[in-house]
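Student: To convert a position in the sequence shown, counted from 1, into the working numbering, add 1.
By construction, the Cβ of each residue, glycine as well, lies at the ideal position given by its N, Cα and C atoms.
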Amino acid sequence: MVLASTTLTLTMGTGTSTAAVAAPQSATMASAGVTLHDGHISMRHVFHHGSVTFTIRNAGTVPHGFAIAGRGVSARSAFLNPGGSTTLTVKLHRGRYSVWCPVDGHRFMGMWTWIGVR
Ligand SMILES: [Cu+2]
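Put into structure tokens, the structure is as follows:
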């Protein structure tokens, strides 16, 4: 529901916010949750181009982090202890990006995915 209203706000602008379910500040910047589990990353996979603020939470039992690369963009969060969270804002262009956990070996144990940006 939150994702749908965010998309709607971005698409239609601020002039049609009669069904203002989302917070007003979401009109100017997209956001997306990322949950780091031991062995996989849970997040949405399709985004509109532009700045996206990822809210990253470590739901695992060991430290994890978040890294994203593609289309000339490369960014990563600090390592998060279990239960920790942080945000990372990235300007995304159209294309495909790799996402992974930069802790040694975690990428190869399943902590990787991709997103598509249109
Ligand atoms: Cu990890």
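For Gly66, which of His50, Arg95, Thr87, Val118 has the nearest alpha-carbon?
Tutor: Closest option to Gly66, Cα to Cα, is Thr87.
Student: Can you give me the start and stop residues for the beta strand (DSSP E) that Thr56 sits inside?
Tutor: Element bounds for Thr56: 51–59.
Student: According to DSSP, is Ser78 helix, strand or coil?
Tutor: Reduced to three states, the DSSP call for Ser78 is coil.
Student: Hey, is Pro83 close to ligand 1, as in C-beta under 8 Å from one of its heavy atoms?
Tutor: Outside the cutoff, so no.
Student: DSSP three-state call for Arg97: helix, strand or coil?
Tutor: DSSP places Arg97 in strand when its eight states are reduced to three.
Student: The beta strand (DSSP E) spanning His41 covers which residue range?
Tutor: 41–44 is the span of the beta strand (DSSP E), which, as asked, contains His41.
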